[in-house]
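Step one of this worksheet: look at the structure below.
Residue numbers (this note's numbering): 16 to 255.
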């Protein structure tokens with residue numbers, strides 16, 4: 016088994032390499048069914064990712080420091096725009112990245128209002144229960160979603176998504192909204208948020224959201240979130 020895994024992993028010489036199932040099977044001379052089974056296991060273990068372009072190196076293979084845009088660079092580029100968004104909306108603003116089936120909070124801005132939101136920089140939350148997470152999950156392939164949620168989907172509140180089919184439907188809705196993801200009481204009962212992903216050439220690299228109480232008019236602040244994401248993306252391009 017280890018020899019076959021090594022044969023497959025050796026094909027991914029560079030971080031940006033994308034290979035289809037057929038290509039991996041042909042180059043390793045392994046049966047297609049065997050190749051598919053091993054690739055599926057490697058995706059579940061985060062050694063590979065399955066994207067629309069094919070299989071590519073995952074989080075474990077790259078290491079957290081091997082991502083195209085490091086956390087510190089992303090946080091630095093986003094910081095002024097997060098503050099501006101918090102001032103304009105008078106709401107709490109989050110920056111997060113996707114890590115398996117969870118999100119990892121990189122920043123949180125909002126003055127006194129931030130104290131009332133039960134999240135913290137360096138903390139984590141279940142991705143499918145948050146606007147941030149759904150915004151990023153929406154740009155992964157259905158196969159990768161299935162791999163990340165191979166086990167029971169955790170529910171945080173009565174409003175949380177609890178089934179894989181429901182999650183796929185919700186992500187299709189997010190894509191129809193041009194990437195805007197809305198959470199109303201799915202992570203915390205009395206809170207709502209709207210989030211949008213920052214997208215790189217190979218998928219989501221982070222997301223920004225604004226959070227308010229459950230009665231907040233999230234649709235009204237959505238254009239400001241869109242503008243903030245555009246501004247951060249432009250700054251990242253200039254920095255790169």
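Every residue, glycine too, gets a C-beta built ideally from N, C-alpha and C.
Within its chain, find whatever has a CB closer than 6 Å to the CB of residue 101; leave out the 5 residues flanking it on each side and keep chain order. 108, 124, 125
May I ask you to report which of helix, strand or coil DSSP gives residue 67? coil
Whole beta strand (DSSP E) elements within the region 103-144, 3-residue minimum: 107-114, 117-124, 139-141
Consult DSSP for residue 42 and reduce its assignment to one of helix, strand or coil. helix
According to the neighbour-count rule (16 or more other Cβ atoms, all chains shown, within 10 Å of its Cβ), is residue 17 buried or exposed? Residue 17 is exposed by the Cβ-count criterion.
Return the chain-ordered list of same chain residues with a C-beta closer than 7 Å to the C-beta of residue 170, the five sequence neighbours on each side being excluded. 177
Please go through the same chain and pick out, in chain order, the residues whose beta-carbon is closer than 7 Å to the beta-carbon of residue 51, but skip the five residues on each side of it. 36
Going by the CB atoms, is the gap between residue 212 and residue 194 shorter than 7 Å? yes
Let me know the beta strand (DSSP E) ranges lying completely inside the region 193-248, each 3 residues or longer, listed in chain order. 196-199, 206-215, 218-228
Return the bridge partner residues of residue 100 from the DSSP annotation. In DSSP, residue 100 forms no bridge with anything.
So what's residue 179 in DSSP terms, helix, strand or just coil? helix
Short Cβ contact (7 Å threshold) for residue 146 with residue 198: Going by C-beta atoms, residue 146 is nearer than 7 Å to residue 198.
For residue 181, count neighbouring Cβ atoms within 10 angstroms of its own Cβ and tell me buried if that reaches 16, exposed if not. exposed
Drop a sphere of 10 angstroms on the beta-carbon of residue 252, count the other beta-carbons inside from all chains shown, and report buried for 16 or more, exposed for fewer. Residue 252 comes out exposed.
Give a yes or no on whether the C-beta atoms belonging to residue 222 and residue 207 are separated by under 7 Å. no
Near residue 228, which residues of its chain fall below 8 Å by C-beta distance, leaving aside the five closest residues on each side in sequence? 205, 206, 207
Got a sec, what are the start and stop residues for the alpha helix (DSSP H) residue 47 sits in? 47-59
Is it right to say residue 234 is buried, meaning 16 or more other beta carbons lie within 10 angstroms of its own, or is it exposed? exposed
Count the other CB atoms, across all protein chains shown, that sit within 10 Å of the CB of residue 122; report buried if there are 16 or more and exposed otherwise. buried
Beta-carbon proximity of residue 237 to residue 186, cut-off 7 Å: no
Kindly list the residues whose CB is nearer than 7 Å to the CB of residue 117, restricted to its own chain and excluding five residues on each side of it in sequence; keep chain order. 139, 140, 141, 142
Which residue comes first and which comes last in the alpha helix (DSSP H) that contains residue 23? 17-24
Thinking C-alpha only, which one of 27, 34, 23, 127 is nearest residue 45? 23
Give a yes or no on whether the C-beta atoms belonging to residue 149 and residue 93 are separated by under 7 Å. no
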